[in-house]
Amino acid sequence: MEQPVALSVPAREQARSFAHAVPHILRAGMLSMRTLGDAANWARCYARWGFSVGTFLDTAAHYCPQRTAIIDDIGSISYAELHHEALRLASALQVRGVRQGAQVAIVARNSRVTPMTLAACTYLGAVPMIINPGSSAQQISRTITDYGAAALIADAEFIPALDTGEIPVIAAYGDASALGVIGYAEAIAEAPAPDLKFRPGQSPTVIMSSGTTGTPKGVVRGVPKSPAVAASLLPKIPWRREGIIQMTCSTYHAWGWLNVNLAFATKSTTIMRRVFDPHQAVEDCLRYGVTGILSAAVFLRDFEKALAALPADKQRSLRPPEFIASSGNAIPPTLIQALHARFGPVVCNFYGSTEHGPVASASGPELAADPSRAGTVAPGVRIALYKEDGTLAGPGERGVIYSSNSESMIGYLSRRDAVDVRDHMLSTGDYGHFDAEGFLHVHGRCDDMVIKGGENVYPREVEDFLLRQEGIADVFVRGVRNDIIARLDAYIVREDTAAGRALTEEAVRDLVRTSLAQHNIPDFICWMDSLPRNDAGKVVPRSLPQPD
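For the sequence shown, the UniProt record's numbering gives the first residue as 1, with consecutive numbering after it.
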């Protein structure tokens, strides 16, 4: 790690966080123990691997070995089988020269192979480096070579385009035999019995950031010192032991990585598909009786449309989930209202980042009361909002959000990646404010704010307004700073309805002029068939058309 970052939380705050988390941890079944053998196994696993995905998998396999751990496009696999295969994969990596502290690159869509590899790295003491497969082949290849990965586990579809040098490659999903690459199942079958150190050393996890505006950053996240910060979500997102969880968020993002840990810790069955299909998601809910959904706003929008298209009898037979948790981008208020009308107040929000981990979260009832809430800040999370003059923002005052907790990153892989730290807290890059009730509201990215007509303009405000208008299916608004004058660009997807077809540029500007203000009016409007989004649901600005 070339760029360490000195983030910190006082010990007394960490202790308060742990005390606050304990009842929620117990209620969610994260420390379920029926016998002295369960307790002894928990103690052994913690001594070996700390609070890691490997520990959670091992203890789940001991507690409920025959319970289905994962349902994916390969099939289903029990906790006992997944644990066995993770140990064998660790052995397969070991015989290929991977040692404690070495990095194992993972380039894969959602399937059992990513959680299996994360656990295998835990057992080996290796460092998993999770790379977004949506990055370009050049970016992925450069990441693998620049940071010295010792092995690569990748879906077969990505392997031909990658330049990985001489490192060993194991195919995750798909047939790579024509490429001369061994598949994960074959590698496991051939692996010798595991001969692993009792305490291999607790290695960090590297997660490559989304890279929507440039080259992805290698974010180094340490092994949690306790489950307290992750458990801070539990009062807001009601995980329960042995749930049925649909994970349409991606396992190669921090939100997915966090939820893999929580799913194993609660001994839940996780349904994960390689590519999001709203109709498949609805069918999985009907078939398996899903109790919780982990997703992003763009997927939830399509999911709700697929639900609405179901016959009435199927809609009535659908078991309402206990929670729908979203992260990655803001949930439009209209979508929250539609899902609440269907299921009750179950839509929860998680605000955080790859670098920070959890920052704030909101429960279903809290979002039902005010959909603009990002949430409240849990014990153990430090946060401060700084105004442009460097002073702290008070309630109702807008400021840049800085935060840290005991699970925040310990640094970047590259010294080239800049950091913005104040008082041992890292900037999220967002503007926000706290209301009188202590809820955080996020206004949008700092680098999106522009000044027009002497006024600060926040594209998120215009975007949220347009999303509520009849005839608009999707929209993205961004601010662009020029040398002379700033502008506001709006990219709009029209609904295939009379209202959508009737929309014109002037009609959109009139809507904004009437309901917001002159300085909020978009200067450039581009009609799109769809918005270019990554697998986290975030719009990729560099893929948008530019004005002439």
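Glycine residues also receive a C-beta, built at the ideal position from the N, C-alpha and C atoms.
Query                                                                                                                                                              : Result
Rounded C-beta distance between A154 and V107? I'm assuming under 8 angstroms.                                                                                     : 4 angstroms
Should P395 go down as buried or exposed, given a rule of 16 or more other Cβ atoms within 10 Å for buried?                                                        : exposed
Can you give me the C-alpha to C-alpha distance between R240 and V22, rounded to a whole angstrom?                                                                 : 14 angstroms
Helix, strand or coil for H20? Go by DSSP, reduced to three states.                                                                                                : helix
Would T270 and A69 qualify as a contact pair, given that the criterion is a beta-carbon distance under 8 angstroms?                                                : yes
Please name the residue in S135, I401 and S76 whose C-alpha comes closest to that of R112.                                                                         : S76
Taking the C-alpha atoms as reference points, what is the distance between E461 and V219?                                                                          : 30 angstroms
Between F524, I492, L152 and Q246, which has its C-alpha nearest I131's C-alpha?                                                                                   : L152
Do A374 and Y351 come within 8 angstroms of each other at the CB atom, strictly closer than that value?                                                            : yes
What separation, rounded to the nearest whole angstrom, lies between the Cα atoms of S327 and I293?                                                                : 11 angstroms
Helix, strand or coil for H356, going by three-state DSSP, please let me know.                                                                                     : coil
Note down, in chain order, each residue of its chain lying with its Cβ closer than 7 angstroms to the Cβ of L467, except the 5 sequence neighbours on either side. : P332, T334 and V475
Roughly how many angstroms lie between the CA atoms of P224 and P204, to the nearest whole one?                                                                    : 9 angstroms
In or out: P365 buried (at least 16 other Cβ within 10 Å) or exposed?                                                                                              : exposed
Taking the alpha carbon of I167 as the reference point, which residue from S177, Y147 and G174 has its own alpha carbon closest?                                   : Y147
Of all the options P541, M116, N534 and E463, which has the alpha carbon lying nearest to the alpha carbon of R509?                                                : E463
Specify, as a first and last residue, the run of the alpha helix (DSSP H) that Q66 falls within.                                                                   : It is not in any alpha helix (DSSP H) - Q66 carries neither H nor E in the DSSP assignment.
Is the separation between the beta-carbon of K538 and that of N259 shorter than 8 angstroms?                                                                       : no
Report the start-end ranges of each beta strand (DSSP E) in the segment 259-303 that is 3 residues or longer and not cut off at the edges.                         : 269-271 and 292-295
Once DSSP output is grouped into helix, strand and coil, what is the label at residue 558?                                                                         : The chain is shown only over 1 to 548; residue 558 falls outside these bounds and no answer can be derived.
Less than 8 angstroms between the beta carbons of A444 and Y458, yes or no?                                                                                        : Note that residue 444 is Gly in the sequence shown, not Ala. Closer than 8 angstroms, so yes.
Please name the residue in L124, N520, L413 and R382 whose C-alpha comes closest to that of residue 551.                                                           : In the structure displayed, the chain extends from 1 to 548; residue 551 sits before or after that span and is not available.
With H, G and I counted as helix, E and B as strand and the rest as coil, what does DSSP make of I521?                                                             : coil
Where does S91 sit, in a helix, a strand or coil, going by DSSP?                                                                                                   : helix
According to DSSP, is P128 part of a helix, a strand, or is it coil?                                                                                               : strand
Kindly indicate which three-state DSSP category R501 falls into: helix, strand or coil?                                                                            : helix
Where DSSP assigns a beta bridge to F476, which residues make up the other side?                                                                                   : Y491
Where does A108 fall in DSSP's three states?                                                                                                                       : coil
Residue ranges of each alpha helix (DSSP H) run of no fewer than 4 residues wholly in the segment 126-201, ordered along the chain?                                : 137-146 and 184-190
For my contact list, G471 and E495 are in at a C-beta cut-off of 8 angstroms; report their separation, rounded to the angstrom.                                    : 5 angstroms
Counting pairs of beta carbons, one from the segment 56-73 and one from the segment 24-40, are three or more of them closer than 8 angstroms?                      : yes
Would you list the residues sitting across from V381 in a DSSP beta bridge?                                                                                        : N405
At the level of alpha carbons, what is the spacing between L57 and E190?                                                                                           : 22 angstroms
Output the boundary residues of the beta strand (DSSP E) element that contains E455.                                                                               : E455 to V457
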